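Following: one structure in structure tokens, then a few remarks.
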Amino acid sequence: MSAHYQVTLEWGTAGIDAAAADVIVIADADRGPESAELQDRAPRTTLVLDATLANASDIARAALDEQERLGDRASIAIVAAGDRWRDGTLRPNAADLLVAGRVVDELAELGIDFHSPACAAACAAAVGLRGATNALVAAETAARAAHAEPEGAAR
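What follows is the structure, encoded as structure tokens:
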């Protein structure tokens, strides 16, 4: 656990359960059902924000505003929603990683840059793929939808 970093990155329900932060950012590119589950599990005593590619800069600004309101360095946990395998376990995905990375990049632009190695990797991916991020997220979302089988379908 990297609790000494100001900004951390975790995944799924286990990540939100472990997130002890002043601000929790749920990174979910497609605003799927996982996002709603994470919202329900988030602590009620913390600011919870929903991040997508489109609003990453607004999310970073809201986190900075919360830090200013607190008058001290705010801890920020970014929780990438991911998807679920058939058995219900977490399936990390590139789309949510890129959303998380975009938020980390926007936070760094605002001066909040003491982030964990996982955040640094997500940010490097988002910055390195900046020109292709929207296309990559759309392609991954389309591929997941094309391969999804109805609930209860035999394999």
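The sequence shown: position 87 = 87 (UniProt numbering), numbered continuously.
Every residue gets a Cβ at the ideal spot worked out from N, C-alpha and C, and that includes glycine.
Bear in mind that the values here come from a model prediction, so they are computed numbers and not experimental data.
>> Less than 8 Å between the beta carbons of R41 and I16, yes or no?
In response: Yes.
> In its own chain, which residues sit with a C-beta less than 8 Å from the C-beta of T129, not counting the 5 before and 5 after it?
Replying inline: The identity of residue 129 in the sequence shown is Leu, whereas the question assumes Thr. Take L129, set aside five residues on each side of it, and the residues of its chain with a beta-carbon closer than 8 Å to its own are L98, L136, in chain order.
> What number of angstroms, rounded off, separates the C-alpha of residue 212 from the C-alpha of D65?
Replying inline: Any property of residue 212 remains undetermined from this structure, which presents the chain solely from 1 to 155.
> In three-state DSSP terms, what is residue 226?
Replying inline: The displayed coordinates of the chain run from 1 to 155. Any statement about residue 226 would go beyond what the structure contains.
>> Less than 8 Å between the C-beta atoms of L107 and A62, yes or no?
In response: For the pair L107 and A62, the CB atoms are not nearer than the 8 Å cut-off.
> Which residues mark the beginning and the end of the beta strand (DSSP E) in which T45 is found?
Replying inline: Per DSSP, T45 is not a residue of any beta strand (DSSP E), being assigned neither H nor E.
>> Taking only three categories from DSSP, how would you classify T13?
In response: helix
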